[in-house]
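Structure first, commentary second.
Number of protein chains: 2
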Amino acid sequence: MGNQMTEMLKGTLEGIVLAILARRSAYGYEITAWLRDRGFSDIAEGTIYALLVRVEQRGFVDVEKVPSEKGPPRKVYSLNAKGRDQLAEFWRTWSVLVERIEQLHHNDNQHDEGA
Amino acid sequence: MGNQMTEMLKGTLEGIVLAILARRSAYGYEITAWLRDRGFSDIAEGTIYALLVRVEQRGFVDVEKVPSEKGPPRKVYSLNAKGRDQLAEFWRTWSVLVERIEQLHHNDNQHDEGA
DNA sequence: TACCGGTAGACGGTATCACTAGGTACCGGT
DNA sequence: ACCGGTACCTAGTGATACCGTCTACCGGTA
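Those protein sequence lines, which keep their order, are chains A and B. Read left to right, the first sequence gives residues 0 to 114 (numbering that gives the first Met the number 0). Read left to right, the second sequence gives residues 0 to 114 (numbering that gives the first Met the number 0).
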């Protein structure tokens with residue numbers, strides 16, 4: 000699979016995960032499964048854990064340890080106020096970027112074959 | 000200023016520049032000016048030169064040195080066949096990402112965020 | 001003359017981020 | 001006793017954009 004997608008995920012993956020946590024609290028393994036399910040099949044498991052550590056250290060999420068019937072206890076992450084702020088900021092930046100790039104796309108394929 | 004945008008540009012800036020070169024050949028300084036004009040004011044000048052070196056080494060562009068009345072000679076970049084291929088690939092990856100993220104956004108919008 | 005600002009390109013070092021490739025630990029079924 | 005699924009964690013790597021700075025040329029101004 001393209002490392003093109005890999006590079007594009009930089010800066011957006013964090014927002015994606017925050018958006019997931021905005022819907023409901025979740026733990027790492029659950030998030031990776033959810034992403035795989037939703038078509039983000041190329042995202043490595045370790046990446047999510049590293050990302051969760053980052054967002055925790057930045058104070059965007061609250062953490063609760065919940066015992067699991069299978070395996071080690073789950074670390075359940077919940078988006079807090081600061082995280083919701085960050086998510087809003089993410090959507091704002093994302094919108095700006097999409098708008099600008101779509102404009103480029105329109106100007107571009109006026110005389111081009113759309114693959 | 001958002002380093003959020005900075006991180007998001009990773010992986011997309013190359014496509015943006017290729018899209019610009021798809022419209023017409025250009026040199027580095029011209030591209031930075033064009034970007035500033037189009038709202039990408041947060042992109043550092045040096046970044047574009049480094050990016051142009053990369054895409055040249057990957058064979059996506061052809062280069063021609065053209066003397067300038069002011070300052071050193073311009074390096075005029077033109078998108079070639081391989082570059083057009085890469086650009087098409089970029090648009091494909093971009094579309095997939097936008098689709099997936101927009102879906103997330105729709106599922107997410109419990110709290111309204113005016114654009 | 002001497003200096004400044006605009007044009008044009010280049011470089012070195014830094015930070016962030018996602019990936020690879022493992023490892024630890026717990027549990028139930030064969 | 002072993003294997004596979006669940007669940008988490010880490011170290012090292014590569015790509016990318018950033019910052020500050022430098023070279024070089026030109027015309028206008030003090």
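Virtual Cβ for every residue (Gly too), placed ideally from N, Cα, C.
Span of the beta strand (DSSP E) around residue 57 (chain A): In the first sequence, residue 57 (chain A) corresponds to position 58, counting from 1. Annotation: residue 57 (chain A) is outside any beta strand (DSSP E) and is labelled neither H nor E by DSSP.
Under 8 Å by beta carbon: chain B residues contacting residue 9 (chain A): Taking the first sequence and counting its residues from 1, one reaches residue 9 (chain A) at position 10. Residue 9 (chain A) reaches chain B at 6, 7, 9 and 10, counting residues in chain order whose Cβ is nearer than 8 Å.
Quick check: is the beta carbon of residue 59 (chain A) nearer than 8 Å to any beta carbon in chain B? For the purposes of this step, residue 59 (chain A) is identified with residue 60 of the first sequence, where counting begins at 1. For residue 59 (chain A), the answer is no, since every Cβ of chain B falls outside 8 Å of its Cβ.
What's the C-alpha gap between residue 74 (chain B) and residue 24 (chain B)? Counting from 1 along the second sequence, the entry for residue 74 (chain B) is found at position 75. Counting from 1 along the second sequence, the entry for residue 24 (chain B) is found at position 25. Cα to Cα, residue 74 (chain B) sits roughly 10 Å from residue 24 (chain B).
Mind pulling the chain A residues with CB within less than 9 Å of residue 37 (chain B)? Taking the first residue of the second sequence as 1, we reach residue 37 (chain B) at position 38. In chain order: 99, 102 and 103.
Just tell me which of A:61, A:69, A:12 and A:21 has its CA closest to the CA of residue 41 (chain A). Taking the first sequence and counting its residues from 1, one reaches residue 41 (chain A) at position 42. Closest option to residue 41 (chain A), judged by alpha-carbon separation, among A:61, A:69, A:12 and A:21: A:12.
Decide if the segment 91 to 100 of chain A is in contact with the segment 60 to 70 of chain B; the criterion is three or more beta carbon pairs, one per stretch, under 8 Å apart. Not touching, per the Cβ criterion.
Answer with yes or no whether the minimum CB distance from residue 43 (chain A) to chain B is below 8 Å. Position 44 of the first sequence, counted from the first residue, corresponds to residue 43 (chain A). No, residue 43 (chain A) lies away from the interface with chain B (no Cβ there is under 8 Å from its Cβ).
8 Å is my cut-off, CB to CB: does residue 56 (chain A) come that close to chain B? Taking the first residue of the first sequence as position 1, residue 56 (chain A) is located at position 57. Closer than 8 Å: no.
From residue 71 (chain A) to residue 78 (chain A), what distance separates their C-alpha atoms? Position 72 of the first sequence holds residue 71 (chain A). Position 79 of the first sequence holds residue 78 (chain A). Annotation: residue 71 (chain A) to residue 78 (chain A) spans about 22 Å, alpha carbon to alpha carbon.
Would you say residue 18 (chain A) lies against chain B (beta-carbon separation less than 8 Å)? Residue numbering aside, residue 18 (chain A) sits at position 19 when the first sequence is read from its first letter. Chain B has a Cβ within less than 8 Å of the Cβ of residue 18 (chain A).
Quick one: what's got a C-beta closer than 7 Å to residue 29 (chain A)'s C-beta in the same chain, skipping five residues either side? Locating residue 29 (chain A) in the first sequence gives position 30, where the first residue counts as 1. When the five nearest sequence neighbours on each side are left out, no beta carbon in the same chain lies closer than 7 Å to the beta carbon of residue 29 (chain A).
Would you check if the distance between the CB atom of residue 6 (chain B) and the CB atom of residue 82 (chain A) is smaller than 8 Å? Position 7 of the second sequence, counted from the first residue, corresponds to residue 6 (chain B). Position 83 of the first sequence, counted from the first residue, corresponds to residue 82 (chain A). Between residue 6 (chain B) and residue 82 (chain A), the C-beta gap is not smaller than 8 Å, which leaves the two residues out of contact.
Would a C-beta distance cut-off of 8 Å place residue 101 (chain A) and residue 3 (chain B) closer than the cut-off? Taking the first sequence and counting its residues from 1, one reaches residue 101 (chain A) at position 102. Taking the second sequence and counting its residues from 1, one reaches residue 3 (chain B) at position 4. No; because the gap between Cβ atoms is not below 8 Å, this pair is not in contact.
Beta carbon proximity, residue 51 (chain B) to chain A, threshold 8 Å: By one-based count along the second sequence, residue 51 (chain B) stands at place 52. By this cut-off, residue 51 (chain B) is not an interface position.
Alpha carbon of residue 14 (chain B) to alpha carbon of residue 69 (chain A), nearest angstrom: If you number the second sequence from 1, residue 14 (chain B) lands on position 15. If you number the first sequence from 1, residue 69 (chain A) lands on position 70. The straight-line gap from Cα to Cα measures roughly 45 Å.
Closer than 8 Å by C-beta to residue 64 (chain A): which residues in its own chain qualify, once you throw out the five before and the five after it? Chain order, please. One-based indexing of the first sequence puts residue 64 (chain A) at position 65. Only 72, 73, 74 and 75 meet the Cβ criterion.
With 16 other CB atoms within 10 Å as the buried threshold, where does residue 85 (chain A) fall? Start at 1 with the first residue of the first sequence, and residue 85 (chain A) comes out as number 86. Answer is buried; the Cβ neighbour count reaches 16.
Name the chain A residues whose beta carbon is nearer than 7 Å to that of residue 92 (chain B)? To locate residue 92 (chain B), count along the second sequence from 1; it is residue 93. Going along chain A in sequence order, the residues near residue 92 (chain B) (Cβ under 7 Å) are 1, 3, 4 and 7.
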